[in-house]
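Written out below as structure tokens is the structure these notes cover.
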């Protein structure tokens with residue numbers, strides 16, 4: 001297991017155009033939830049940091065050029081902890097950020113580990129971080145850097161190529177829910193091979209493609225000895241969160257790929273671009289959700305049998321046992337984070353609703369790539385209370401996106417600040433925005449530029 005308590009201190013960085021020195025400090029930003037909207041609005045950028053937002057909202061860039069951001073967490077004093085991960089280059093770590101002069105821009109930076117990771121959350125004074133194989137707990141204090149070394153909660157989770165990240169959710173009973181993604185696209189006998197049938201049964205469901213539950217009260221747990229197989233048949237759920245009001249677990253699943261490439265006699269290029277749905281699901285204890293045997297067709301609004309298991313694009317015979325999603329989002333949007341809104345700063349419409357960060361598609365060629373948005377789903381009594389709506393747009397820029405590299409930004413992480421603002425992270429340029437509600441017209445002169 002890699003060492004995870006290296007500490008880099010007192011190094012110069014360029015952060016939002018400021019030359020600053022990164023050293024440890026005991027003074028936090030101490031954001032407050034009762035700050036008047038006029039005070040909040042002054043932190044927003046004139047162009048919202050290139051974002052398009054609903055009327056009454058504004059955004060400011062709080063940090064930039066941080067690297068390959070995945071998820072992030074915000075402490076009660078406004079400190080930000082960012083998980084970095086580039087799986088191909090094996091780069092990553094945790095960056096800690098602090099706004100020492102309370103101007104809304106992070107001016108102090110520390111990096112204290114250097115291994116790739118995706119999941120990161122703060123709960124009851126602890127910082128939890130998931131590398132691709134282990135889950136750690138750090139004790140937070142007054143200093144920006146938590147106490148080192150960390151405790152190891154779970155070790156030796158599956159090391160895998162596809163879907164290697166291990167994001168997680170935490171409930172109110174000290175239980176940890178970890179996504180362990182599938183290691184294949186469709187559990188074929190010969191992976192990604194045209195016409196190859198699926199394994200029956202799919203053996204990787206034993207240790208992958210599901211959610212495992214662990215205790216926060218025990219150290220050095222393993223999947224085999226201590227993990228409880230909470231749910232199965234979920235291909236990959238980088239977007240996972242516990243609803244604090246409804247006391248339920250929810251995920252947004254990355255649907256399968258390459259229907260046309262593998263089964264060209266059944267699916268056209270257009271089918272490949274629009275199938276299958278990215279599924280927003282409520283996950284129950286012992287629930288089974290269909291992968292790899294079935295997928296959800298958003299056009300027919302039903303689960304159909306996967307071609308690897310005898311499906312023809314229409315047959316639903318073995319799929320009726322699996323529950324439908326709460327919402328079927330468009331194919332290949334790439335859900336990378338899910339966050340239920342628990343703050344009080346946004347209007348009532350947003351209370352307990354779901355924000356979802358879509359990283360954007362990469363495989364709709366020859367059609368335009370899509371996604372690259374943060375959307376919102378209103379909630380009531382544990383289910384969506386209306387259609388999903390685009391909340392933050394403009395990440396891709398004004399040009400047509402033919403390949404992901406064309407996009408200016410790709411949203412990948414979400415967090416709720418202590419005063420109720422929404423933080424959005426980008427994986428392309430390493431940018432973080434803070435979105436607040438002011439009720440002020442976007443052209444209000446009180447907004448200052450960066």
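Numbering (the working numbering), first residue to last: 1 to 450.
Glycine included, each C-beta is placed from N, C-alpha and C at the ideal position.
- Per DSSP, residue 151 is one residue of the beta strand (DSSP E) stretching across 151-154.
- The beta carbon of residue 219 sits closer than 8 angstroms to those of 151, 152 and 153, all from its chain and outside the five residues before and after it, given in chain order.
- With three or more CB-CB distances shorter than 8 angstroms, the stretch 330-340 counts as touching the stretch 233-250.
- With a contact defined as Cβ atoms closer than 8 angstroms, residue 258 and residue 268 miss out at about 13 angstroms.
- When only Cα atoms are considered, residue 58 and residue 433 end up about 10 angstroms apart.
- Membership of residue 415 in the beta strand (DSSP E) is indicated by the continuous run 411-416.
- The beta-carbon separation of residue 329 and residue 288, rounded to 21 angstroms, does not stay under the 8 angstroms limit for a contact.
- For residue 213, the number of other beta carbons within 10 angstroms of its own is at least 16, and it is reported as buried.
- Residue pairing by DSSP places residue 193 opposite no residue, since no beta bridge is assigned to it.
- Between the stretch 50-57 and the stretch 132-143 there are fewer than three C-beta pairs closer than 8 angstroms, too few to call the two in contact.
- DSSP places residue 179 in the strand class (E or B) of the three-state scheme.
- In summary, residue 148 is exposed, with fewer than 16 beta-carbon neighbours lying within 10 Å of its beta-carbon over all protein chains present.
- Look at residue 203 here: in three-state DSSP terms it is helix.
- Of the other Cβ atoms in all chains shown, fewer than 16 fall within 10 Å of the Cβ of residue 347; this residue is therefore exposed.
- For residue 272, no beta strand (DSSP E) run applies; the uninterrupted alpha helix (DSSP H) run containing it begins and ends at 269-274, by DSSP.
- Counting C-beta pairs closer than 8 angstroms gives three or more between the stretch 409-419 and the stretch 64-72, which meets the contact rule.
- Around the Cβ of residue 89, a 10 Å sphere holds fewer than 16 other Cβ atoms; the residue is exposed.
- Taking C-alpha positions only, residue 390 is separated from residue 266 by approximately 33 angstroms.
- Around the Cβ of residue 74, a 10 Å sphere holds 16 or more other Cβ atoms; the residue is buried.
- Taking residue 221 as the centre and dropping the five residues before and after it, the same chain places the C-beta of 154 and 214 closer than 6 angstroms to its C-beta, in chain order.
- Distance from the CA of residue 109 to the CA of residue 201, rounded to the nearest whole angstrom, comes to 49 angstroms.
- Between residue 166 and residue 157, the beta carbon gap of about 6 angstroms places them in contact (Cβ cut-off 8 angstroms).
- Between residue 308 and residue 404, the beta carbon gap of about 26 angstroms keeps them out of contact (Cβ cut-off 8 angstroms).
- Per DSSP, the beta-bridge partners of residue 96 are 81 and 110.
- Here the alpha carbon of residue 293 sits roughly 21 angstroms from the alpha carbon of residue 160.
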